[in-house]
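My numbering numbers the first residue of the sequence shown as 4 and each following residue consecutively. Shown next, in structure tokens, is the structure this report addresses.
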Amino acid sequence: MANIDQYLKNNHQYASGQALHKAAYPGKQKIQPARRLAVVACMDARLAVEDMLGLQTGEAHIIRNAGGVVDEDAIRCLIISHHLLDTNEIMLIHHTRCGMLAFTDDLLKAGLEGDPAAEKLLGQATARKFTGCKRASAMPSAFHAFRGPIEPLDAPRDAKNTERLQWDVRRGMSAILNHPWIPTEGPDAVSVRGFVYDVDTGKLEEVKYPGPMGSIG
Ligand SMILES: [Zn+2]
Numbered sequence: 004m005a006n007i008d009q010y011l012k013n014n015h016q017y018a019s020g021q022a023l024h025k026a027a028y029p030g031k032q033k034i035q036p037a038r039r040l041a042v043v044a045c046m047d048a049r050l051a052v053e054d055m056l057g058l059q060t061g062e063a064h065i066i067r068n069a070g071g072v073v074d075e076d077a078i079r080c081l082i083i084s085h086h087l088l089d090t091n092e093i094m095l096i097h098h099t100r101c102g103m104l105a106f107t108d109d110l111l112k113a114g115l116e117g118d119p120a121a122e123k124l125l126g127q128a129t130a131r132k133f134t135g136c137k138r139a140s141a142m143p144s145a146f147h148a149f150r151g152p153i154e155p156l157d158a159p160r161d162a163k164n165t166e167r168l169q170w171d172v173r174r175g176m177s178a179i180l181n182h183p184w185i186p187t188e189g190p191d192a193v194s195v196r197g198f199v200y201d202v203d204t205g206k207l208e209e210v211k212y213p214g215p216m217g218s219i220g
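Dropping the structure here:
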């Protein structure tokens, strides 16, 4: 059985209140992740990656950023994780109610530069007074907000926002699977699977790949 199938079983246990992760110093360990797993996941405070997968300290690389986006730095980490530290399975995890559904890159940049209309919209979306900095910057060049029409922050799950999450999981999987320095065939191949985590139930749902990656319509 692939390790990831075992993590999905562990996830069922976690969702029913029985986390398998032991919060204790395990003693001296090797640098290579013992389960040969690399996880890319969102930084959202409601995701406890070790708990949801039943991972112990030393078993996996966990790469986190806003959105679980497969950006240049995530790719950098995955290349190092595989080629130098021997991981061979990758899990990409997005989640319901993700903040990356609630804005666009242009909106956030305009707000940060002090556009009053953008400040107002961002303030309404986040229930927090948004205060632009009235300065421009070339970096970050992208915030990687998810594709599709924006919705209020932390909106409940529905078919449309679930589809938007699935689009972005596929986009991330595609970015990994098609990178020339991440082998997906032959004896050194890495396998990649993508998931949406439901923050209300604690359950992971696999995203079929390939499939639609989004529409501006
Ligand atoms: Zn998120």
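Just so it is clear, CB atoms sit at the ideal spot from N, CA and C, and this is done for glycine as well.
Go ahead and label residue i buried or exposed: buried means 16 or more other beta carbons lie within 10 angstroms of its beta carbon, across all protein chains shown.
i    : result
Q169 : buried
L87  : exposed
H1   : It is not possible to answer for residue 1, since the shown part of the chain is limited to 4 through 220.
G214 : exposed
M103 : buried
Can you give me the C-alpha to C-alpha distance between residue i and residue j, rounded to a whole angstrom?
i    : j    : result
L125 : F106 : 8 Å
V193 : K33  : 21 Å
A158 : V202 : 12 Å
G117 : T134 : 7 Å
M94  : A128 : 30 Å
Q59  : M176 : 25 Å
G57  : L11  : 9 Å
D8   : R173 : 19 Å
M142 : K112 : 10 Å
G151 : R67  : 23 Å
N14  : L207 : 7 Å
Could you give the residue range of the alpha helix (DSSP H) that holds residue i?
i    : result
I83  : 75-86
E122 : 119-129
L115 : 108-115
M55  : 52-56
In the DSSP output, which residue or residues are listed as bridge partners for residue i?
i    : result
D201 : K206
E154 : Looking at the DSSP assignment, E154 forms no beta bridge with any residue, so it has no partner.
L95  : V43, G197
Can you tell me where the beta strand (DSSP E) holding residue i begins and where it ends?
i    : result
A178 : It is not in any beta strand (DSSP E) - A178 instead sits in the alpha helix (DSSP H) that spans 162-180.
N68  : 63-68
A188 : As written in the sequence, residue 188 is Glu, which differs from the Ala given in the question. Per DSSP, E188 belongs to no beta strand (DSSP E) and is neither H nor E.
Spell out a yes or no on whether the segment 70-82 and the segment 182-200 are touching, meaning 3 or more CB-CB pairs, one atom from each, closer than 8 Å. Below 8 Å, enough C-beta pairs join the segment 70-82 and the segment 182-200 to call them touching: three or more.
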